[in-house]
Structures are given as C-alpha cells and as structure tokens.
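Numbering (UniProt numbering), first residue to last: 1 to 744.
Backbone N, C-alpha and C fix where the C-beta goes; we use that ideal spot for every residue, glycine too.
This one's a predicted model, so the numbers in the text were calculated from it and none came from an experiment.
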Amino acid sequence: MEVDDGSEARVEMKGKQSVVMLVGAPGSGKSTFCDAVIGASRRTWVRICQDTIGNGKAGTKAQCIKSALSALNEGKSVFIDRCNLDREQRAEFLKLGSAQIDVHAVVLDLPTQLCISRSVKRTGHEGNLQGGKAAAVVNRMLQKKESPKLIEGFSRITFCHNDAEVQAAMGTYSGLGPSDSLLPGCFGQKSQDAKVQVGIMKFLKKAEGPSPVVSKVNSDQSVASIGSSEKKGASLEREEMPVLPNAPQKEESKGKDNAVQAIDKDVPTLAFPSISTADFQFNLEKASDIIVETVEEFLPKLGNARLVLVDLTYESKILSLVRAKAAKKSIDSSKFFTFVGNIIELSTKRALHCNVIANAANWRLRPGGGGVNAAIFKAAGADLEMATNDRAKSLVPGSAVVVPLPSTCPLYNREGITHVIHVLGPNMNPQRPNCLNNDYNKGCMVLRQAYTSLFEGFLSILKIQETSVTKRHEELLHHSGRGPDKSVGNGDLKNKRDDVDASDSSKKSRGSGNEVEIDSTRPRTGNSDSGIQTTDRGMTKAWGSWAQAFYHIAMHPERQKDDVLEILEDVVVLNDLYPKAQKHILILARARGLDCLADVHEVHLELLRRMHDIGLKWVEKFLHEDSQLVFRLGYHSAPSMRQLHLHVVSQDFNSVHLKNKKHWNSFNTAFFRDSVDVIEEVNKNGKAMMKDDKSLLSMELRCHRCRSAHPNIPRLKSHIRNCQVPFPAFLLQSGRLVRALDSN
DNA sequence: GTTCTAGAAC
DNA sequence: GTTCTAGAAC
Numbered sequence: 001m002e003v004d005d006g007s008e009a010r011v012e013m014k015g016k017q018s019v020v021m022l023v024g025a026p027g028s029g030k031s032t033f034c035d036a037v038i039g040a041s042r043r044t045w046v047r048i049c050q051d052t053i054g055n056g057k058a059g060t061k062a063q064c065i066k067s068a069l070s071a072l073n074e075g076k077s078v079f080i081d082r083c084n085l086d087r088e089q090r091a092e093f094l095k096l097g098s099a100q101i102d103v104h105a106v107v108l109d110l111p112t113q114l115c116i117s118r119s120v121k122r123t124g125h126e127g128n129l130q131g132g133k134a135a136a137v138v139n140r141m142l143q144k145k146e147s148p149k150l151i152e153g154f155s156r157i158t159f160c161h162n163d164a165e166v167q168a169a170m171g172t173y174s175g176l177g178p179s180d181s182l183l184p185g186c187f188g189q190k191s192q193d194a195k196v197q198v199g200i201m202k203f204l205k206k207a208e209g210p211s212p213v214v215s216k217v218n219s220d221q222s223v224a225s226i227g228s229s230e231k232k233g234a235s236l237e238r239e240e241m242p243v244l245p246n247a248p249q250k251e252e253s254k255g256k257d258n259a260v261q262a263i264d265k266d267v268p269t270l271a272f273p274s275i276s277t278a279d280f281q282f283n284l285e286k287a288s289d290i291i292v293e294t295v296e297e298f299l300p301k302l303g304n305a306r307l308v309l310v311d312l313t314y315e316s317k318i319l320s321l322v323r324a325k326a327a328k329k330s331i332d333s334s335k336f337f338t339f340v341g342n343i344i345e346l347s348t349k350r351a352l353h354c355n356v357i358a359n360a361a362n363w364r365l366r367p368g369g370g371g372v373n374a375a376i377f378k379a380a381g382a383d384l385e386m387a388t389n390d391r392a393k394s395l396v397p398g399s400a401v402v403v404p405l406p407s408t409c410p411l412y413n414r415e416g417i418t419h420v421i422h423v424l425g426p427n428m429n430p431q432r433p434n435c436l437n438n439d440y441n442k443g444c445m446v447l448r449q450a451y452t453s454l455f456e457g458f459l460s461i462l463k464i465q466e467t468s469v470t471k472r473h474e475e476l477l478h479h480s481g482r483g484p485d486k487s488v489g490n491g492d493l494k495n496k497r498d499d500v501d502a503s504d505s506s507k508k509s510r511g512s513g514n515e516v517e518i519d520s521t522r523p524r525t526g527n528s529d530s531g532i533q534t535t536d537r538g539m540t541k542a543w544g545s546w547a548q549a550f551y552h553i554a555m556h557p558e559r560q561k562d563d564v565l566e567i568l569e570d571v572v573v574l575n576d577l578y579p580k581a582q583k584h585i586l587i588l589a590r591a592r593g594l595d596c597l598a599d600v601h602e603v604h605l606e607l608l609r610r611m612h613d614i615g616l617k618w619v620e621k622f623l624h625e626d627s628q629l630v631f632r633l634g635y636h637s638a639p640s641m642r643q644l645h646l647h648v649v650s651q652d653f654n655s656v657h658l659k660n661k662k663h664w665n666s667f668n669t670a671f672f673r674d675s676v677d678v679i680e681e682v683n684k685n686g687k688a689m690m691k692d693d694k695s696l697l698s699m700e701l702r703c704h705r706c707r708s709a710h711p712n713i714p715r716l717k718s719h720i721r722n723c724q725v726p727f728p729a730f731l732l733q734s735g736r737l738v739r740a741l742d743s744n
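This is the structure we're talking about:
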C-alpha cells in the first residue's frame, strides 16, 4: 500500500479508483491519452476499448461494461476508450460510479479538421476507421455530440481544446497515485456560445435584452467547483495535482480558449529537446533522471518562467519517463511540463508560446546533421548562422551558448522566439566523434552540465531582461519632470499605468514603423506588456501612453466600473468614451498581447465569433430601445488604441465627437473591417486582411449612404442628418449591417 | 484616442 | 473675419 502523505488514515485500503470516460471523435487522441497515462502512472489502469474488446470484431457496449466491472473489482482504475459523444451512450458507464469510485470525463474537443486528418492518415487503427471514409464518419459523429455535464453524474469533467490542454490533463492523470483523487467540478469548458444571430431578427418579440451588469461567469457548468460536487465522497482527496498554467483547473482560464494562449505569451518559456538521447544514444532512464533533477534544481530560481521538454510524438519514451518522474517528485507542472510538437513551430502550430528554444547542437555549431539542429537552423535561416558565429565558433560537450535572434529572423517573426540556446551534450554513439564508450559516469556528469548550462543561459536572459526593464523604468522616472498629466475629462483613464509599459511610450518615436529598438542584449518575452507590437511584417509599432487605456481596462475592468457595461471572462464591453454615433460601444478582448487585427490568427477565431455575438447581443438591446437604428460591427485596420476591440456603431454618426476626416473615414472606408469579413478571412486564411493605407483616412468625404462627396465635415454632417437613401449593396450583404427586421 | 493651434481656405 | 484642417503634443 503506497502512502504519499498524511491522508492515509482516511483512504480505503484499496486506494481510490476512478472510471475515466474519454469523450471525443475518432482521431481526437483518446487512445493516445490512455496510453500516455497508463505508461506514466503509479496507479493501475485498464483501458477498455470497444474496438478491441471483441477479439478482432467490433465489440459491444455490454462487453465494455462487463470488463470495466471486473477491472474495478480487482481494484483497478478504468479508462473507457470509446467516443462517448452523446449522453445516452455515457449513461450506462456512469452507473459504474459509487461512493468509492469517481466517474470522470475527459473531453477531447479538438478541431474537427485535426481529428479528421488524423483519422484519415492513420493506418492499422483498431476500429478500422481510416482512409477517406473517416472524414465522413467523424463529421457525422460530431454532429451528434452533446457535451457531458456534471448533472449526468460525473464528479469531474475536464475539457481539452488543444494539445496543450490535452497534455495538461495527461499530466494531471499521470500524476495520480493509487490513493489520490482529483477535485470534483467542471474544468476548462468554453463559454457557451452566445448565438444571437438568429434571434436578432425576432428581437422585437423578445422581452429581455442584456443588462449592464457585471457577470463573472456565463456558463452554467463552470461555476461548479470544489464543494459543489453533486455526488460521491470526493471530499477526502488530498491536494489537487499540480496543473499547467493552461490546464483547465486554473481559475483564469475557465471559459476561455484562445485567450489562454495569449496569456501564455507573457510567461517566459524555454522549450528544449532532450539532449543526447537521440543521435547520441544516451540511456533514456539516466537522461530522464538528469532532466528532472536539474529542472528541480532550477525551478526555484526561475520566477514565473517555465521550462518545457519537447519531443515530436506522443509515443516519445523520454517524455513519458520525464512526465512520470516529474509527477513523482511533485514538480510544479505549471513551471515544468512535457509537450508534443515540433520545436520550431510550437507557437503557430501548437499554441504554446516559447520565447526561447534550445538547440541540440553539434560541436561546430553548424547547420545540418538532421534532427532538431537541422530543423532549427533551417527554420531560422542565415540569421541564426551569423548570430551564432558572432558568439562562438564551437562548443565543448556540457556547454551552451545563448544566441539572440535578430528581428529579421523568421523564427523571431513567426514564432516570437527571441533567443536560441545551443547546447551540446555527451555522445554515446560510437559512430560519432568523441564517443564516451559507454562511460556513464562521465556521460551523466556531462549531460548534467549540459542542462545546467542551458538553464543558466535561460536564466541569464531573464536576468538581463529584468535589469533592463528596471533601468528603463528608472530612466523614465528621471526624465518625467512634468507633473501629473494635465489632460482633463478622462484623465483618470488615461493616466493609470501599471508601471512598466509607461517606459516604452516615453522613449519611442511613435509610429515611424521601422524602429526595432531591441539590442542584442535586451531580450523580450511576450511583447504585450512592453507596449511594443509586432505586426505581421515583423515591424514593431510602439503604442503611446494614451493608447494604453483599453489595455488597462481589459486587465482590470473592475477598476473602471463606471465606463464598463459588462465584464465577462474573455471580453469587456464598454461605451466608447468619445462615441461617434448615437450608439457606439466597444467589445474589448481581454487576452494579453492581442492588440490589433495584425495579432489575430486562427486560434482567435472562436474569440472573434464570440465578440461578434456579444456585439449582436447589445445591438439587440439597442434595437429594442430604438428600432430605427442600424448597426455595423467591425475593426479598425490600424487602431490607435492598443487591445483588440470591436466597434459596434450605429450608422447615424450623429455625434459631436465626430470631428474630422479621420474619424469619418475610419468608419466609412475600407479601413473599417467588418467583423463578418474578418471572421471569414481568419477562418479561411488564418489571418485578417488589413487596409491601413494612410490615404484611406484622408480620402474625400463621402456619404455612406448615397456616396455623395462633401467638402468638409460640417457639410457632410448636415448632409447625413437627412440622407435617407438606402445603404449601398455592399453593406446590405453578408450581414454587415444589423437592423431590426421590420424597419426599412 | 483627444486637444491645441497655426495657418489655409473661404 | 470666421471656419476648418492638419500636424504636433500629450
């Protein structure tokens, strides 16, 4: 009987058992999940798979239940590895639960396309679901899916929407010892989509609109948490297993999806491959010990920074060894975890933002050779070769060299990687130079040195950054001889600064567009707090101090209650301080580092849709008050204010704040990007088009209805007060304009 | 983003 | 003279 802590007295002799029902389409990674946990866990698990249970033939649900029961009788925990997509399918398995046996669901809600492509590609799948047929099957199944709910009888439900969350859940379950249990509750569920599109046309029949209240949580399930467990004695569990920052348990990630990733951006992260275990054939058991021990030693020094061990496949032996050993040592898995992905595309393909990556280099620090080294040099191009050459010509085993990437480097632009740390481990491969001939005494020492050098290197990057920020902050304090800002009116909003971001704005020449004021010794982590924004083209743009107001509201909406209409987990709704029309509100994304359309990528699609839906919800309310209004929802191509915000603006443009050409043209030329179009483009191309030609904002003034030209703003305004010509066809299409059904 | 204001346009 | 714009400062 294994005993981990003081709670043994309260735990049954058998230990705690679980039934974990995987819920997900074919290709969502259910079997991989089970195998990873079973491989790493100290608890005995049995995977019940309907595809294999029938001895070659497809099995039945009854067979699954029978063998689940017998495994449970033997004191084992059970994975139910079948799709379990609808409630009816799950009901039978829920009956397996009892006072001693928790029933959990792990929902692998990965993008449909991903599931399909995995199903299509794989061969020899147990369920014989492969080839072109898979796509149709997956699609059909997903149409029937019903998200599991606590009320069905689960004591815990974990939703995973991307690989990072899947890995987090794997870590959580892998770490379960024989007598541990997990907190009850529902974790990681996305907010329920506010689909208002259909309802909007019937708004007049509806009684209630959204009210300006502060609502914390908008999903029925995510409020369920500790203490509210609906069944079973889950109250005796020991402390929750450590979780990843983007694991579902974390308070701030509840109900969010892509926002989670944006928060990630601010956490300094080193992604590193296992050193010497591939080509250099170092023993995996020994290597995994060294990795875990060295990580354990360094974590306390790293502050909020993270270390992530990366390998290419879920079958990676080194990952599962390390995962198990880290769990055994109770290493904080928000600070250190394993991750499956290609180290050169973690940010774009796997939604894991790493600002530093390690390269398993060769001693000559040359490209090629294969594996990680070849991939990194190839992805980083000549920039990395040159930058490396500046720093070192060769490496001895056990050492590392930190190479800052120039801003022109593709890895920097695409992935946000600011530094590559080359590290050289010991060689156990007789085919390679300097083989240690199986001398593991020396080998382990050198490998330990290698990881130590690597982590020291990462630490030095963090330190430089820290001092750099402090210094810049001090400079600011010295320079700002001017007293309190003299701006009036909204001064409160404008002057509130958290601290750091003020430094950039005071020093940078604004908007010149091409200054990359990052010297080689000044690394960056995420780019959001710095107030510097990296655009698609790799240029940086500095946000002025006045441009920070939305950022502060997004981070601390509760401090600005007067200006805020609604606070949700991922979005804040507020009145535009200088409305350009009778109704003009902003739907502000709260994700850190998401400042404008240029920052928007495929991972933000759900957020964009949600912002649109929330906008429509408010439109519905406004139309209820005045059915004559017509609304347009969209983004400015190049906003003046930092923090992605969707304008919801009525088309009367009747406002004293609409004063100049720029105001008009920013809402009435292609500079204004309709939300519907943005969503479609991101869905199709993974990014939004931007029309940020300066010329657009200084175009001649034309009526947005009849397209007549006017010499100046006052004349234009007097014209639009009376113009009743129907809107141009372009605006009437695709739902660009939102209006009451029975108004003109 | 707004405010302020010089100077162009009328 | 007044109105309006546009650029700089914040």
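Just to confirm, are PHE653 and ALA581 a CB contact at a threshold of 7 Å?
-> Position 653 of the first sequence holds residue 653. Position 581 of the first sequence holds residue 581. Yes. Within cutoff.
Pairwise C-alpha distance: LEU299 and SER330 | Locating residue 330 in the first sequence gives position 330, where the first residue counts as 1. Locating residue 299 in the first sequence gives position 299, where the first residue counts as 1. Going by the C-alpha atoms only, they are around 12 Å apart.
So what does DSSP say about VAL322, is it helix, strand or coil?
-> As a working note, residue 322 is residue 322 in the first sequence. Of the three classes helix, strand and coil, the one that applies to VAL322 here is helix, per DSSP.
The stretch 379–393 contacting the stretch 445–458, beta-carbon criterion three pairs below 8 Å | no
Could you give the residue range of the beta strand (DSSP E) that holds ALA589?
-> Against the first sequence, residue 589 aligns to sequence position 589. Per DSSP, ALA589 belongs to the beta strand (DSSP E) from 584–589.
Distance CB(VAL564)-CB(LEU577) smaller than 7 Å = Along the first sequence, read from residue 1 onward, the residue named residue 564 stands at position 564. Along the first sequence, read from residue 1 onward, the residue named residue 577 stands at position 577. No, they are not a contact pair.
So, helix, strand or coil for LYS216, using DSSP?
-> Mapped onto the first sequence, residue 216 falls at position 216. For LYS216, the pLDDT reaches just 35, beneath the cut-off of 50, and the residue's location in the model is therefore unreliable, leaving the point undetermined.
Is it buried or exposed for LEU108, if we count other Cβ within 10 angstroms and need 16 for buried?
-> Residue 108 sits at position 108 when you count from the first residue of the first sequence. By the 10 Å Cβ count, LEU108 comes out buried.
GLU625 versus GLY24: straight-line alpha-carbon distance, rounded = For this step, residue 625 is matched to residue 625 along the first sequence. For this step, residue 24 is matched to residue 24 along the first sequence. Rounded to whole angstroms, GLU625 to GLY24 spans 43 Å at the Cα level.
Looking at the unbroken beta strand (DSSP E) that takes in GLN17, where does it start and where does it end?
-> Position 17 of the first sequence, counted from the start, is the residue given in the question as residue 17. GLN17 -> beta strand (DSSP E) spans 17–23.
Quickly, what does DSSP pair LEU674 with across the bridge? List them, please.
-> Along the first sequence, one-based indexing puts residue 674 at 674. A small correction: the amino acid at residue 674 is Asp; Leu does not occupy that position in the sequence shown. Beta-bridge pairing links ASP674 to GLY634.
Using the rule of at least 16 other Cβ atoms within 10 Å of the residue's Cβ for burial, across every protein chain shown, is ASP562 buried or exposed?
-> What you label residue 562 is simply residue 562 of the first sequence in a count that begins at 1. ASP562 should be labelled exposed.
Would you list the residues sitting across from PHE339 in a DSSP beta bridge?
-> Taking the first residue of the first sequence as position 1, residue 339 is located at position 339. VAL310.
Using alpha carbons as the reference points, say which of PRO410, GLY177, ALA382, ALA164 lies closest to GLY188.
-> Start at 1 with the first residue of the first sequence, and residue 188 comes out as number 188. Comparing Cα-Cα distances from GLY188 to each of PRO410, GLY177, ALA382, ALA164, the minimum goes to ALA164.
Beta carbon of ARG82 nearer than 7 Å to that of GLN50 | Here residue 82 is taken as the residue at index 82 of the first sequence, counted from 1. Here residue 50 is taken as the residue at index 50 of the first sequence, counted from 1. Yes, they are a contact pair.
One or two residues paired with HIS710 in a DSSP bridge | As a first step, residue 710 is located in the first sequence; it is residue number 710 there, counting from the start. The partner list for HIS710 (beta bridge, DSSP) reads LEU701.
For GLU566, which of helix, strand or coil comes out of DSSP?
-> To locate residue 566, count along the first sequence from 1; it is residue 566. Strand at GLU566.
Identify the continuous alpha helix (DSSP H) that holds GLY371 and give its terminal residues.
-> Residue mapping note: residue 371 aligns to position 371 of the first sequence, counting from 1. Counting along the chain, the alpha helix (DSSP H) containing GLY371 begins and ends at 371–391.
Nearest CA to the CA of ILE567: which residue from SER734, ASN685, MET611, LYS717?
-> Position 567 of the first sequence, counted from the start, is the residue given in the question as residue 567. Among SER734, ASN685, MET611, LYS717, the Cα nearest to that of ILE567 is on MET611.
First and last residue of the beta strand (DSSP E) that includes ASP613?
-> By one-based count along the first sequence, residue 613 stands at place 613. Counting along the chain, ASP613 falls outside any beta strand (DSSP E), though it belongs to the alpha helix (DSSP H) covering 605–625.
When the Cα atoms are used, what is the spatial distance from ILE376 to ILE344?
-> Residue numbering aside, residue 376 sits at position 376 when the first sequence is read from its first letter. Residue numbering aside, residue 344 sits at position 344 when the first sequence is read from its first letter. Going from the Cα of ILE376 to the Cα of ILE344 covers about 6 Å.
Is the Cβ-Cβ distance between VAL676 and GLY735 less than 7 Å?
-> Walking along the first sequence from the start, residue 676 turns up at place 676. Walking along the first sequence from the start, residue 735 turns up at place 735. A contact, by the Cβ cut-off of 7 Å.
In three-state DSSP terms, what is LEU270?
-> Walking along the first sequence from the start, residue 270 turns up at place 270. In the structure shown, LEU270 sits in a strand (DSSP, three-state: E or B).
Alpha carbon to alpha carbon, how far is GLY443 from PRO426?
-> Your numbering for residue 443 matches position 443 in the first sequence. Your numbering for residue 426 matches position 426 in the first sequence. For GLY443 and PRO426, the distance between alpha carbons rounds to 6 Å.
For THR60, the first and last residue of its enclosing beta strand (DSSP E) | As a position in the first sequence, residue 60 is number 60, starting the count at 1. THR60 -> no beta strand (DSSP E), and no H or E assigned at all.
Is it right to say GLU97 is buried, meaning 16 or more other beta carbons lie within 10 angstroms of its own, or is it exposed?
-> Position 97 of the first sequence, counted from the start, is the residue given in the question as residue 97. In the sequence as displayed, the identity of residue 97 is Gly instead of Glu. Buried: at least 16 other Cβ atoms inside 10 Å.
Three-state secondary structure (DSSP) of LEU731 | Translated into positions along the first sequence, residue 731 becomes position 731. Reduced to three states, the DSSP call for LEU731 is helix.
Nearest to ILE318 (by Cα), restricted to the options LEU302, GLU297, GLY303, VAL292 = Numbered from 1 along the first sequence, position 318 holds the residue referred to as residue 318. Of the candidates LEU302, GLU297, GLY303, VAL292, the one whose C-alpha sits nearest the C-alpha of ILE318 is VAL292.
Reduced DSSP secondary structure (H/G/I, E/B, other) of ILE101 = Indexing the first sequence from 1 puts residue 101 at position 101. In this structure, ILE101 counts as strand in the three-state DSSP scheme.
Which residues bound the alpha helix (DSSP H) around ALA665?
-> Mapped onto the first sequence, residue 665 falls at position 665. One detail in the question is off: residue 665 reads as Asn in this sequence, not Ala. Start and end: 661–668.
Proximity below 7 Å, CB of LYS328 to CB of SER181 | Walking along the first sequence from the start, residue 328 turns up at place 328. Walking along the first sequence from the start, residue 181 turns up at place 181. The answer is no: Cβ separation not under 7 Å.
First through last residue of the beta strand (DSSP E) which encompasses ASP51 | The residue you call residue 51 lines up with position 51 of the first sequence. First-last for ASP51: 50–53, but that is the alpha helix (DSSP H), not the beta strand (DSSP E).
Hey, how far is the Cα of VAL600 from the Cα of THR348?
-> Position 600 of the first sequence, counted from the start, is the residue given in the question as residue 600. Position 348 of the first sequence, counted from the start, is the residue given in the question as residue 348. For VAL600 and THR348, the distance between alpha carbons rounds to 12 Å.
Going by beta carbon distance, what residues of the same chain come within less than 6 Å of GLY398, once the five residues before and after it are set aside?
-> Start at 1 with the first residue of the first sequence, and residue 398 comes out as number 398. Excluding positions up to five away in sequence, the list reads VAL446, GLN449, ALA450.
Could you have a look at LYS190 and say whether DSSP puts it in helix, strand or coil?
-> In the first sequence, residue 190 corresponds to position 190, counting from 1. Here LYS190 sits in strand by DSSP.
Nearest to ALA326 by CA position, among VAL308, GLY341, VAL340, is which residue?
-> The sequence position of residue 326 within the first sequence is 326, counting from 1. When each option's Cα is compared against that of ALA326, the closest is VAL308.
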